[in-house]
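Per our numbering, the sequence shown runs over residues 919 to 1359.
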Amino acid sequence: MEGGFSKAFLMKKENGSEVIAKIPCHIAGPPTLTTAGEVGALEYIRKHSSIPVPRVLSWSSTDSNAVGAEYILMENAAGVPLFQVWGSMTEFDQLQLIRKLAKLEAQFSAMRFPAYGGLYLGSDIEQPNQPLDELDPSFCIGPSCDRRYNPDPSLDFDKGPWYSVSSLGVSIARRELLRIPKSGQQDQTMFYRGDIEEQTELLQATESIMQLLDSNEILKGEASRPTLWHTDLHMGNIFVTPDESKWPVFLRPPQNSDYEEGMVEVKVRDDFDTLDEDGKMLARSEWLQAKLAKAYEVSTVLENKPAYRAMTVPRVFRELFLRCGEVSEVGVLPLRACLIELFHSWSDLGFSGECPVSFTQEQVDAHKRQFSEYEAWNQVQSLAQQCLGTDAEGWIAPGLDVNEKRKQNEQLLAMYIESVAGEMSADEARAVWPFPVKTGV
919 MEGGFSKAFL MKKENGSEVI AKIPCHIAGP PTLTTAGEVG ALEYIRKHSS IPVPRVLSWS
979 STDSNAVGAE YILMENAAGV PLFQVWGSMT EFDQLQLIRK LAKLEAQFSA MRFPAYGGLY
1039 LGSDIEQPNQ PLDELDPSFC IGPSCDRRYN PDPSLDFDKG PWYSVSSLGV SIARRELLRI
1099 PKSGQQDQTM FYRGDIEEQT ELLQATESIM QLLDSNEILK GEASRPTLWH TDLHMGNIFV
1159 TPDESKWPVF LRPPQNSDYE EGMVEVKVRD DFDTLDEDGK MLARSEWLQA KLAKAYEVST
1219 VLENKPAYRA MTVPRVFREL FLRCGEVSEV GVLPLRACLI ELFHSWSDLG FSGECPVSFT
1279 QEQVDAHKRQ FSEYEAWNQV QSLAQQCLGT DAEGWIAPGL DVNEKRKQNE QLLAMYIESV
1339 AGEMSADEAR AVWPFPVKTG V
């Protein structure tokens, strides 16, 4: 089986037991660290929690072996992928599963670490690291194994470990400052991305704000402490027993909805009765998704208060890190939107003194016009991913029919071209659509 970032092989031993062999693709992340980080996280979770994860049998974090590649041999997870049974579960069983999610994530929240970075076995890493002396000296925190830190020999920047939220943020800004000259002039066709000079100026302003995060009143304490977390807990990588779903699924509120956080009742749209049948079907789907998202939110309040407090931190702080880290790919608009929000709400967001960046009303108005084009493009990307059940890379869950998904993509594209016929040409609509349709496939 081939995923977006690794190839997995199912092997059967002579005694009938099954073993999974994983080999990372070159885009998975930094060489050595990607494999070592996955092994370190799995072993730490297995040793310090009751969360069920596959046992690592053997691994090599270098390609100096008989295989000629990094690899991990691990137990085959028992059960079936959650997406195979989720649709047949009763709402009660789904809610029970969500409650279990909060209980399992509470074990992550209870773990304490001295720094941000990758989690490794101390014997498997030579780079600068921080041993977990008081927790478990056989493990350490080292450089990030995130694929955005895949090293370019010509780029020299701090890859971790980081001992404060400010140092982490500053490293992301400086990483992007080094990358933007190499990305060249970005395509401005779909939306404005800014030139290298504007991107540089915005990242330098962001770096000055990152330096102030350690003293921010909202981010002090629990809200910003280093935490082990699963940020991609989808139904394709969660396994359950076929007859009893005991593993949780990560649920988010429906896209582009008016989901309200807090202890409030989830209701169907006020204009439900005025919608046509297709609109009512979509509204029901969003309502059901919102109910499940609310169940996850309430369960987190009850079972995992540290995580809930982190969830209630103003979203602009999380956006600041995310958007700063993608300037070399998507340009200035998402990050500039964060800085404008920070500028307008500086004191309300827990900062003292003056904001180191400022915007005139004229600049804000110009940004709104440019951002509307980016927002329209981003909504199309999100809609396509949501309808096709995939991500930005086009990942399809194992067991699903790829050819059927390609057919759905073709049909969705045709519907999109028809819906925007008065606004753009068919070729322009195809250029906006995230997944090209291959003729003859």
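Each residue gets a CB set at the ideal place from its N, CA and C atoms; glycine is no exception.
- In the assembly as shown, ASN1321 is an exposed residue. Its beta-carbon has fewer than 16 other beta-carbons within 10 Å.
- ALA959 and ALA1344 have their alpha carbons spaced roughly 47 Å apart.
- Runs of the beta strand (DSSP E) spanning 3 or more residues and lying entirely within the stretch 1009-1045 occur at 1036-1039, in chain order.
- In this chain, the alpha helix (DSSP H) harbouring PHE1289 covers 1279-1306.
- DSSP places VAL1083 within a helical segment (H, G or I) once states are collapsed to three.
- One thing to note: ALA946 has its Cβ within 8 Å of the Cβ of PHE923.
- For PRO1032, the closest C-alpha among the options GLN1014, SER1072 and GLY1078 is that of GLY1078.
- Take the alpha-carbon of SER1263 and the one of LEU1253: they are about 16 Å apart.
- Contact annotation: GLY1249 and GLY1112 have beta-carbon atoms nearer than 8 Å.
- Scanning its chain for C-beta atoms nearer than 8 Å, with the 5 sequence neighbours on each side dropped, one finds around SER1276 the residues PHE1261, in chain order.
- Close CB contacts of VAL1298 within its chain, under the 8 Å cut and outside five residues either way in sequence, are with TYR1334, VAL1350, TRP1351 and PRO1352 (chain order).
- For PHE1261, the enclosing alpha helix (DSSP H) starts and ends at 1251-1262.
- Under the three-state reduction of DSSP, ILE1059 is assigned to strand.
- Close CB contacts of PRO1274 within its chain, under the 8 Å cut and outside five residues either way in sequence, are with ALA1123, SER1126, ILE1127 and LEU1130 (chain order).
- With at least 16 other beta carbons inside 10 angstroms of its own, PHE1109 counts as buried.
- Taken in chain order, the complete alpha helix (DSSP H) segments of 4 residues or longer contained in the stretch 934-1022 are 951-966.
- Where LEU1193 is concerned, there is no enclosing beta strand (DSSP E), because DSSP gives it neither an H nor an E.
- Nearest Cα to PHE1239 within the set LEU1146, HIS966, LEU1121 and ASP1309: LEU1121.
- In this structure, ILE1258 is the residue among LEU1015, ILE1258, CYS1305 and ILE1314 with its C-alpha nearest to the C-alpha of PHE1289.
- For SER1246, there is no enclosing beta strand (DSSP E); the residue is part of the alpha helix (DSSP H) that begins and ends at 1245-1248.
- Taken atom to atom, the span from the alpha-carbon of PRO1099 to that of LEU1073 is near 11 Å.
- Annotation: MET1342 to LYS1356 spans about 21 Å, alpha carbon to alpha carbon.
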